[in-house]
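Novice: Quick one: the structure is below, questions incoming.
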Ligand code: BGC
């Protein structure tokens with residue numbers, strides 16, 4: 219059966235309400251992408267309004283990342299305690315208020331404070347989006363639905379590029395950056411109102427002593443046959459466990475999954491994607507492209523990022539998570555080696571610009587079919603139910619921390635070591651990431667969240683704890 223047949227069958231078999239829900243919840247991703255992306259363009263004008271030093275410019279840019287660390291750290295636990303739905307609604311209110319706050323800021327310190335607050339909502343959004351989606355999705359389309367979040371992140375980044383273009387430098391007599399930052403209130407309102415009308419995650423309900431309500435929700439999302447089995451599975455896992463806490467993350471059988479989540483978080487960022495996504499215009503201008511060509515090139519990067527994420531959605535539940543990750547990181551490494559090398563070859567001056575542009579676009583394409591979507595999906599799949607939110611939160615904190623470190627150091631490393639060496643360092647990180655993924659990252663395609671969890675537990679009991687290994691293929695999983 220080819221992918222389209224599968225999707226068509228899946229659509230026949232599954233209630234369309236699931237797709238609507240996943241799309242609305244994925245607005246978390248849109249806000250994440252928009253809010254991290256919008257500042258690169260807005261900064262050009264904020265600089266002028268407030269006469270900013272380099273330090274204050276860095277503070278404006280990175281405050282959102284610091285806030286996101288706080289949001290990811292607290293958000294996982296809050297999602298486990300109060301529910302996925304409530305946290306999403308609170309997050310959307312914070313997004314809404316902070317967007318208006320930023321737009322009205324009368325000095326740079328107010329702006330930084332609102333960006334920090336906005337960052338907390340970005341941190342919440344980075345966890346609760348895929349968590350919520352993975353818990354409402356039937357297992358055979360969980361990968362594709364989970365990727366909606368990443369798709370919306372990429373659309374959010376594109377929307378940010380477009381907003382920067384439309385509102386610059388002034389619009390209706392008001393300086394453009396106020397529109398750019400304030401525009402985030404629109405998707406925030408859509409998310410809040412949409413989720414208000416949606417049910418809570420059935421898995422969270424069962425885990426929090428509301429099985430009847432969970433049944434009612436699942437009956438709106440599943441066919442009759444699927445329903446009984448799934449409720450039974452969730453209940454068995456949930457009864458065996460009590461609500462977890464941060465301390466439970468130290469348990470031996472959770473540790474391998476925790477390490478995989480944290481390592482993937484780092485790999486996703488230290489392989490340099492955001493230095494391309496956010497500095498693409500600067501890099502292109504530096505290579506002699508005109509302003510217009512640089513903007514067009516950047517939008518091209520954004521479009522490729524979105525389109526290849528759609529390809530990943532079509533493949534996620536067909537080829538599996540591991541092949542996507544391995545092909546993705548392998549391709550990124552090759553592109554980074556070429557990118558770095560082009561700066562050392564003499565006599566290529568005019569050609570270098572083009573080699574750089576093409577390898578940058580291909581590098582983003584490989585990120586978009588692998589590390590981009592698969593990272594956020596896997597960290598919503600590999601943890602036990604009672605600590606899923608908390609554990610996902612911990613992995614996300616490391617993602618935001620690594621993002622922050624790369625943002626702070628990228629330009630100064632380029633200044634000190636040059637572009638060629640910098641890209642080769644990123645290539646080395648990517649190759650190490652490839653090896654780690656090959657050795658350690660589990661395949662989760664086509665298995666229910668409860669089966670993945672049972673497998674982890676069995677492995678710990680029969681000695682997996684001593685090897686610290688997760689199953690990496692279906693054969694591993696099926697072995698008695
Ligand atoms: C990453 C972001 C990145 C985006 C690019 C996400 O998965 O977490 O840091 O900006 O992908 O599409």
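Residue numbers (the working numbering): 219 to 698.
For each residue, glycine too, the CB sits at the ideal point set by N, CA and C.
#1: Distance, Cα to Cα, residue 298 vs residue 332?
#2: What span of residues does the alpha helix (DSSP H) with residue 547 cover, start to end?
#3: Closer than 7 Å to a non-hydrogen atom of ligand 1 - does that hold for the CB of residue 699?
#4: Sort 628, 496, 248 and 660 by Cα distance to residue 544 and report the nearest one.
#5: Any idea which residues DSSP pairs residue 254 with across the strands?
#6: Any idea if residue 235 is buried or exposed, counting beta-carbon neighbours within 10 angstroms, 16 or more meaning buried?
#7: Nearest-angstrom Cα distance between residue 537 and residue 530?
#8: Please report the straight-line C-alpha distance between residue 627 and residue 633, rounded to a whole angstrom.
#9: For residue 220, does the three-state DSSP call read helix, strand or coil?
#10: Taking the alpha carbon of residue 339 as the point to measure from, which residue in 486, 605, 287 and 517 has its own alpha carbon closest?
#11: Let me know if residue 212 comes out buried or exposed under the rule of 16 or more other beta-carbons within 10 Å of its beta-carbon.
#12: For residue 419, report the span of its alpha helix (DSSP H) as first-last.
#13: Report the partner residues of residue 393 according to the DSSP bridge assignment.
#14: When you compare each of 416, 413 and 280 to residue 261 by their alpha carbons, which one comes out closest?
#15: With a cut-off of 8 Å, do at least 3 Cβ pairs link the region 308-317 to the region 638-646?
#16: Just verifying my parser: in three-state terms, what is the DSSP assignment at residue 357?
#17: Hey, residue 380 and residue 303: beta-carbon distance below 8 Å or not?
#18: Nearer than 7 Å: is that true of the beta carbon of residue 485 relative to any heavy atom of ligand 1?
#19: Given the structure, does residue 479 come close to ligand 1, in the sense that its CB is under 7 Å from one of the ligand's heavy atoms?
#20: Looking at ligand 1, does it come within less than 7 Å of residue 327, judged from the CB to the closest heavy atom?
#21: Hey, could you find the ends of the alpha helix (DSSP H) residue 276 is sitting in?
#22: Tell me whether residue 375, by its Cβ, gets closer than 7 Å to a heavy atom of ligand 1.
#23: Mapping DSSP to helix, strand and coil, what is residue 339?
#24: Return the CA-CA distance between residue 540 and residue 662, expressed in angstroms with no decimal places.
#25: For the alpha helix (DSSP H) that residue 178 lies in, which residues bound it at each end?
#26: Just to confirm before moving on: does the CB-CB distance between residue 487 and residue 613 stay below 8 Å?
#27: Give the secondary structure of residue 472 by DSSP, where H, G and I count as helix, E and B as strand, and everything else as coil.
#28: Select from 276, 406 and 375 the residue whose C-alpha is nearest the C-alpha of residue 494.
#29: Please check the pair residue 491 and residue 561, which I expect to be a contact at CB under 8 Å, by giving their CB distance rounded to whole angstroms.
#30: So is residue 572 buried or exposed if we call it buried at 16+ other beta carbons inside 10 Å?
#31: Could you check where the alpha helix (DSSP H) with residue 493 kicks off and where it finishes?
Specialist: In short, the structure shows the following:
#1: On the chain shown, residue 298 is found 80 positions in, with the first residue counted as 1. On the chain shown, residue 332 is found 114 positions in, with the first residue counted as 1. Answer to the nearest angstrom: the Cα atoms are 26 Å apart.
#2: Within the chain shown, the letter at position 329 stands for residue 547. From DSSP, the alpha helix (DSSP H) with residue 547 extends over 539-560.
#3: Given a span of 219 to 698 for the chain in the structure shown, any question on residue 699 remains unanswerable.
#4: Numbered from 1 along the chain shown, position 326 holds the residue referred to as residue 544. Nearest option by C-alpha distance: 660.
#5: Residue 254 sits at position 36 when you count from the first residue of the chain shown. Within the DSSP bridge table, the entry for residue 254 names no partner.
#6: Counting from 1 along the chain shown, the entry for residue 235 is found at position 17. Per the 10 Å Cβ criterion, exposed.
#7: To locate residue 537, count along the chain shown from 1; it is residue 319. To locate residue 530, count along the chain shown from 1; it is residue 312. Their backbone Cα atoms lie some 10 Å apart in a straight line.
#8: One-based indexing of the chain shown puts residue 627 at position 409. One-based indexing of the chain shown puts residue 633 at position 415. Cα-Cα distance, rounded: 10 Å.
#9: Your numbering for residue 220 matches position 2 in the chain shown. Note that residue 220 has pLDDT 45, beneath the 50 cutoff, so the model's placement of it is unreliable and no number is given.
#10: Taking the first residue of the chain shown as 1, we reach residue 339 at position 121. The residue among 486, 605, 287 and 517 with its C-alpha nearest the C-alpha of residue 339 is 287.
#11: Outside the displayed range of the chain (219 to 698) lies residue 212, so it cannot be described from this structure.
#12: Numbered from its first residue, the chain shown carries residue 419 at position 201. Judged by DSSP secondary structure, residue 419 falls outside any alpha helix (DSSP H); it is assigned neither H nor E.
#13: As a first step, residue 393 is located in the chain shown; it is residue number 175 there, counting from the start. Residue pairing for residue 393: DSSP places it in a beta bridge opposite 388.
#14: By 1-based counting over the chain shown, the position of residue 261 is 43. Per the Cα distances, 280.
#15: The region 308-317 is not in contact with the region 638-646.
#16: What you label residue 357 is simply residue 139 of the chain shown in a count that begins at 1. Of the three classes helix, strand and coil, the one that applies to residue 357 here is helix, per DSSP.
#17: By one-based count along the chain shown, residue 380 stands at place 162. By one-based count along the chain shown, residue 303 stands at place 85. No, they are not a contact pair.
#18: Here residue 485 refers to the residue found at position 267 when the chain shown is read from its first residue. Remark: the shortest separation between the CB of residue 485 and any heavy atom of ligand 1 does not fall under 7 Å.
#19: Here residue 479 refers to the residue found at position 261 of the chain shown. Shortest gap from the CB of residue 479 to any heavy atom of ligand 1: 7 Å or more.
#20: Taking the chain shown and counting its residues from 1, the one referred to as residue 327 is at position 109. No; taking the cut-off as 7 Å, the Cβ of residue 327 has no heavy atom of ligand 1 nearer than that.
#21: As a position in the chain shown, residue 276 is number 58, starting the count at 1. Segment 272-300, the alpha helix (DSSP H) holding residue 276.
#22: Taking the first residue of the chain shown as position 1, residue 375 is located at position 157. For ligand 1, at least one heavy atom lies less than 7 Å from the Cβ of residue 375.
#23: Translated into positions along the chain shown, residue 339 becomes position 121. Note: residue 339 maps to helix in three-state DSSP.
#24: Reading the chain shown from its first residue, position 322 is the one you call residue 540. Reading the chain shown from its first residue, position 444 is the one you call residue 662. Within the model, the alpha-carbon separation for residue 540 versus residue 662 is close to 9 Å.
#25: Because the chain spans 219 through 698 in this model, residue 178 falls outside it and cannot be assessed.
#26: Translated into the one-based positions of the chain shown, residue 487 becomes position 269. Translated into the one-based positions of the chain shown, residue 613 becomes position 395. Between residue 487 and residue 613, the gap from beta carbon to beta carbon reaches 8 Å or more.
#27: The count along the chain shown starts at 1 and reaches residue 472 at position 254. Collapsing the DSSP output to three states places residue 472 in coil.
#28: One-based indexing of the chain shown puts residue 494 at position 276. Comparing Cα positions, the closest option is 375.
#29: Along the chain shown, read from residue 1 onward, the residue named residue 491 stands at position 273. Along the chain shown, read from residue 1 onward, the residue named residue 561 stands at position 343. About 19 Å separates the CB atoms of residue 491 and residue 561; that is not less than 8 Å, and the two are not in contact.
#30: As a first step, residue 572 is located in the chain shown; it is residue number 354 there, counting from the start. Under this definition residue 572 is an exposed residue.
#31: By 1-based counting over the chain shown, the position of residue 493 is 275. Here the alpha helix (DSSP H) through residue 493 covers 491-504.
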